[in-house]
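Participant:
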Amino acid sequence: MAQGRWEGYRRVWLRLTGVRVTRHSWAMTSAPMLTTDRLILRPHRVEDYAACRALWADPDVVRFIGGAALDAQAVWFRILRYAGMWALLGYGMWAIEDRANGELLGEAGLLSAARGLAELDGVPEAGWVLGPAAWGRGIATEAMAAIFAWTDAHLAAPSIRCIIAPDNSGSIKVAEKLGFAALGDVDFHGAPTRVFDRPSQG
Numbered sequence: 001m002a003q004g005r006w007e008g009y010r011r012v013w014l015r016l017t018g019v020r021v022t023r024h025s026w027a028m029t030s031a032p033m034l035t036t037d038r039l040i041l042r043p044h045r046v047e048d049y050a051a052c053r054a055l056w057a058d059p060d061v062v063r064f065i066g067g068a069a070l071d072a073q074a075v076w077f078r079i080l081r082y083a084g085m086w087a088l089l090g091y092g093m094w095a096i097e098d099r100a101n102g103e104l105l106g107e108a109g110l111l112s113a114a115r116g117l118a119e120l121d122g123v124p125e126a127g128w129v130l131g132p133a134a135w136g137r138g139i140a141t142e143a144m145a146a147i148f149a150w151t152d153a154h155l156a157a158p159s160i161r162c163i164i165a166p167d168n169s170g171s172i173k174v175a176e177k178l179g180f181a182a183l184g185d186v187d188f189h190g191a192p193t194r195v196f197d198r199p200s201q202g
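Residue numbers are given in full-length UniProt numbering: position 76 of the sequence shown equals residue 76, and the series is strictly consecutive.
(1) Measure the Cβ-Cβ separation of A175 and L104 and say whether it is below 8 Å.
(2) Which residue or residues does DSSP assign as beta-bridge partners of V195?
(3) Alpha carbon to alpha carbon, what distance is there between A113 and D187?
(4) Please classify R161: is it buried, with 16 or more other beta-carbons within 10 angstroms of its beta-carbon, or exposed?
(5) Taking only the alpha-carbon atoms, compute the straight-line gap between R99 and I139 and give it to the nearest angstrom.
(6) Is the Cβ-Cβ distance between T29 and W76 less than 8 Å?
(7) Do L178 and T151 have their C-beta atoms closer together than 8 Å?
(8) Looking only at C-alpha atoms, which of I172, H189, D167 and F196 sits nearest to R63?
(9) CA-CA distance, G184 and L110?
(10) Counting along the chain, where does the beta strand (DSSP E) carrying A108 start and finish?
(11) Taking I79 as the reference, give the member of S171, G90 and A95 with the closest Cα.
(12) Using CA coordinates, which residue listed in S171, I163, F180 and L130 is at the minimum distance from T193?
(13) If you draw a straight line from the C-alpha of A182 to the C-alpha of V195, how long is it?
(14) What does DSSP give as the partner residues of V129 in its beta bridges?
Encoded structure:
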């Protein structure tokens, strides 16, 4: 991309979102491959559709994420949306794959969801979701730590925030391990929701 065009895009995006992106991250068209001792973090693929259907249909998974299972179309659109976030924003979600057996364990990363919450304006939102087989094993913390190592180097946002249901003690523990601190509770779609903030460390 020509330098002048890049600077124009960067200024527009900063004005709209408050998020500064590096030239490297803006050029990303899909999630970069990241690895940890146990995990491969990679872009979503069409072949992940069946596993994502099962993930988002599990009542235990969606209990604190709206409470309703996603139908086939919603899951398909979600996968497409993940690809679009990388192409348009330079950041997004990763699929979490077990290095030992290739199983899709869940997904994690950053998103821009336009939720209408002032507390999320101008900052990327972190999110993670795992199937029950991956719970209690430190998978979410391991995945998000690798993701933050990448985002701290490539995304110049003032901070990263996340929202968690106050009763979701498991995700709150993950957030605290990752350096998030609670800002307070807000009403989101008629339910109390806790907002957490993690200052950027890049």
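Glycine included, C-beta positions come from ideal geometry on N, C-alpha and C.
Facilitator: Put simply:
(1) One-based indexing of the sequence shown puts residue 175 at position 175. One-based indexing of the sequence shown puts residue 104 at position 104. No, Cβ-Cβ distance for A175 and L104 is not below 8 Å.
(2) Locating residue 195 in the sequence shown gives position 195, counting from the first residue. According to DSSP, V195 bridges with I163 and G184.
(3) Counting from one through the sequence shown, the residue named residue 187 turns up at place 187. Counting from one through the sequence shown, the residue named residue 113 turns up at place 113. About 16 Å.
(4) Residue mapping note: residue 161 aligns to position 161 of the sequence shown, counting from 1. Classification of R161: buried, given that the 10 Å Cβ count is 16 or more.
(5) One-based indexing of the sequence shown puts residue 99 at position 99. One-based indexing of the sequence shown puts residue 139 at position 139. In a straight line, the C-alpha of R99 is about 12 Å away from that of I139.
(6) One-based indexing of the sequence shown puts residue 29 at position 29. One-based indexing of the sequence shown puts residue 76 at position 76. Cβ distance not < 8 Å, so T29 and W76 don't count as in contact.
(7) Numbered from 1 along the sequence shown, position 178 holds the residue referred to as residue 178. Numbered from 1 along the sequence shown, position 151 holds the residue referred to as residue 151. Not in contact: L178 and T151 (Cβ atoms no closer than 8 Å).
(8) Working through the sequence shown from its first residue, we reach residue 63 at position 63. With distances taken between Cα atoms, R63 lies closest to D167.
(9) Taking the first residue of the sequence shown as position 1, residue 184 is located at position 184. Taking the first residue of the sequence shown as position 1, residue 110 is located at position 110. Each residue's alpha carbon lies about 21 Å from the other.
(10) Translated into positions along the sequence shown, residue 108 becomes position 108. Its beta strand (DSSP E) spans residues L104 to L111.
(11) Along the sequence shown, read from residue 1 onward, the residue named residue 79 stands at position 79. Comparing Cα-Cα distances from I79 to each of S171, G90 and A95, the minimum goes to A95.
(12) In the sequence shown, residue 193 corresponds to position 193, counting from 1. When only C-alpha atoms are compared, the closest one is I163.
(13) Within the sequence shown, the letter at position 182 stands for residue 182. Within the sequence shown, the letter at position 195 stands for residue 195. Roughly 6 Å between the two C-alpha positions.
(14) As a first step, residue 129 must be located in the sequence shown, where it is residue number 129. DSSP output for V129 lists E107 as bridge partner(s).
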